[in-house]
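What follows is a single structure, written as structure tokens, with notes after it.
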Amino acid sequence: MSPKSMRGQTIPNDPLRATHSTRLQRQTDGWFQRAEAALLGAVPCRAGCSHCCIGPFPITVLDVQALHEGLARLEPHDREEIQRNAAEQTAVLEQAAPSLKQAPFVDQFADAETDRLVTLLEDAPCPALSAEGLCRVYDHRPLTCRSMGIPVVEPTGTFGACAVQTFVPIRRLPASLREEEETLAAQEAVALHQIRLSSPTPGEEVLLPYGFLPSLHTIAGRSRT
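To get our numbering, take the position in the sequence shown, counting from 1, and add 353.
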């Protein structure tokens with residue numbers, strides 16, 4: 354397989370990245386299933402509900418790897434439509450932050466700058482969302498998507514993960530599952546560190562639309578001639 358290039362920077366396809374991605378996907382899915390069971394029906398997520406599929410957010414190079422695997426399994430017309438949607442969204446982001454044209458990684462961005470960019474597309478559906486409200490790369494969706502739906506715990510209280518959860522009782526996740534969630538986050542950080550050592554990249558995180566752009570030209574950004 355040819356290397357994936359990013360605007361003059363070449364990032365090789367890394368089997369280690371694929372291995373880490375698959376393992377973390379499996380572990381996150383298992384955690385979500387246990388968390389959902391522990392919350393006794395307080396997680397209303399169902400096929401066709403896409404309230405959490407609106408607006409971009411940062412994803413890692415592990416997620417990018419998985420998304421490209423998912424795109425490769427689609428019919429050409431679906432893949433091309435997703436990539437067109439993604440290109441339109443990244444054009445908006447790059448107009449607001451021209452530096453993304455050269456390097457789409459947002460690791461070093463201040464939180465306020467990332468929030469500003471996210472707000473620009475806060476009403477935009479995920480590029481992979483179908484007209485029926487279904488994810489076309491569901492089996493290869495990012496880790497954030499796999500854990501979405503579990504109520505969020507903050508110092509001021511426990512809140513629903515999306516607007517839908519305002520209509521159901523909000524329960525606090527047991528401490529053991531919160532600890533497992535923290536362990537998964539630590540494992541992801543270790544995996545990303547190992548990947549940076551084995552195949553250095555300019556960064557670890559990009560905003561969601563970049564993850565769908567054609568692998569021939571990018572791993573997390575769009576090439577220009």
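The C-beta atom is built at its ideal place from N, Cα and C for all residues, glycine as well.
- Message: Just list the residues that DSSP pairs L560 with in beta bridges.
- Response: P411
- Could you check what DSSP says for G510 in three-state terms: helix, strand or coil? strand
- Of the residues T509, R525, T497 and S552, which one's Cα is nearest the Cα of D416? T497
- Task: For L392, write down the residues that DSSP places opposite it in a beta bridge.
- Result: Looking at the DSSP assignment, L392 forms no beta bridge with any residue, so it has no partner.
- Starting from V505, follow its DSSP beta bridges and name the residues at the other end. F512
- Query: Is it true that the stretch 427-440 meets the stretch 530-548, where meeting means three or more beta-carbon pairs spaced less than 8 Å apart?
  - Reply: no
- Query: For F512, which of V396, Q455 and Q378 has the nearest alpha-carbon?
  - Reply: V396
- Message: Given this structure, state the Cα-to-Cα distance separating E466 from H546, to the nearest angstrom.
- Response: 24 Å
- Give the secondary structure of L526 by DSSP, where H, G and I count as helix, E and B as strand, and everything else as coil. coil
- Looking at the C-beta of D431, does it have a partner C-beta in chain D at a distance below 9 Å? The chain inventory of the structure shown lacks chain D, comprising one protein chain alone.
- Query: Is the stretch 497-510 touching the stretch 435-444 in the sense that three or more CB pairs, one from each, lie closer than 8 Å?
  - Reply: no
- Message: Beta-carbon within less than 7 Å of P480's beta-carbon, same chain only, minus the 5 sequence neighbours each way: which residues are those?
- Response: I435, N438, A439, Q442, P562 and F565
- Task: Let me know if G510 comes out buried or exposed under the rule of 16 or more other beta-carbons within 10 Å of its beta-carbon.
- Result: exposed
- May I ask you to verify whether the stretch 479-493 touches the stretch 399-407, counting CB pairs closer than 8 Å and requiring at least 3? yes
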